[in-house]
């Protein structure tokens, strides 16, 4: 079994890799003067997805937090009478 330090190192490497990939995709790739058929463009989806995907995940994340919170406080809301 892996130690906590090794798992933390793996998670950190994955997080930094994802961040650098997204940063290159959004910040650098649109300003590169290369053809659309170039090999570099084949590693990245269209730029429209760079803004749609985080918005979808953000809505799902916030919706999940809201559902989780309402599930846990539902009894307190129901027993309160106004």
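Residue numbers (UniProt numbering): 1 to 82.
Note that the Cβ used here is the ideal one computed from N, Cα and C, for glycine as well.
Residue 24 to residue 77, Cα distance in whole Å? 46 Å
Does the pairing of the segment 25-38 with the segment 47-61 give three or more beta-carbon distances under 8 Å? Judged by Cβ distances under 8 Å, the segment 25-38 makes contact with the segment 47-61, as three or more pairs qualify.
I'd like the span of the alpha helix (DSSP H) that includes residue 74, first residue to last. 49-79
Cα-Cα separation between residue 18 and residue 12, rounded to whole angstroms: 10 Å
Would DSSP call residue 38 helix, strand or coil? coil
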